[in-house]
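J.:
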Amino acid sequence: SPGGSQPAADRASLSANEVTQIAYVVHVLPRIPGHATIKNKYIVSVGWDRRIYVWNDDGGGSGKEIEYHLRMPERDEDVDEGHTDDIITLAFVPPDTIVTGGYD
Numbered sequence: 011s012p013g014g015s016q017p018a019a020d021r022a023s024l025s026a027n028e029v030t031q032i033a034y035v036v037h038v039l040p041r042i043p044g045h046a047t048i049k050n051k052y053i054v055s056v057g058w059d060r061r062i063y064v065w066n067d068d069g070g071g072s073g074k075e076i077e078y079h080l081r082m083p084e085r086d087e088d089v090d091e092g093h094t095d096d097i098i099t100l101a102f103v104p105p106d107t108i109v110t111g112g113y114d
């Protein structure tokens with residue numbers, strides 16, 4: 011059977027974690043004369059849970075699990091105010107806009 015021996019509730023929870031699109035975003039801050047250019051790097055993902063996740067890409071490699079930096083919407087009760095179905099695509103529009111698209 012699909013999902014093996016996992017209870018149906020656990021399978022539903024796992025399917026909500028399906029990632030459908032990932033984007034790598036480099037946000038370059040305005041250069042101040044005499045200072046190095048600052049580039050903030052992020053990994054952005056969307057999926058079946060109808061949220062946008064943003065992680066800082068610090069070039070780590072520490073081997074420890076990385077927590078997301080930002081999740082939109084953050085609160086569970088706010089999820090129904092955005093997409094009503096899976097988010098299937100995203101794009102970064104410089105300098106600071108992320109757009110998403112879904113079946114809705």
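With my numbering as the guide, the letters of the sequence shown map in order to residues 11 to 114.
Note that CB positions come from ideal geometry on N, CA and C, so glycine has one too.
What are the uninterrupted segments assigned as beta strand (DSSP E) that are 3 or more residues long and contained completely in the region 20-79, given in chain order?
T.: Correct list: 29-38, 49-57 and 62-66.
J.: Compute the beta-carbon to beta-carbon distance between residue 27 and residue 59, rounded to the nearest angstrom, for a pair I have assumed lies under 8 Å.
T.: The Cβ separation is near 7 Å, so the contact holds.
J.: Taking 6 Å as the limit between beta carbons, can you name the residues of its chain near residue 55, skipping five residues before and five after?
T.: Cβ within range, chain order: 29, 32 and 63.
J.: Am I right that residue 100 and residue 110 are in contact with their C-beta atoms under 8 Å? What's the rounded C-beta distance?
T.: About 5 Å; that satisfies the 8 Å criterion.
J.: Hey, could you find the ends of the beta strand (DSSP E) residue 109 is sitting in?
T.: It spans 107-112 - the beta strand (DSSP E) in which residue 109 sits, taken as one unbroken run.
J.: Please go through the region 77-102 and give each complete beta strand (DSSP E) segment of 3 or more residues, from N-terminal end onward.
T.: Listed in chain order, they are 80-82.
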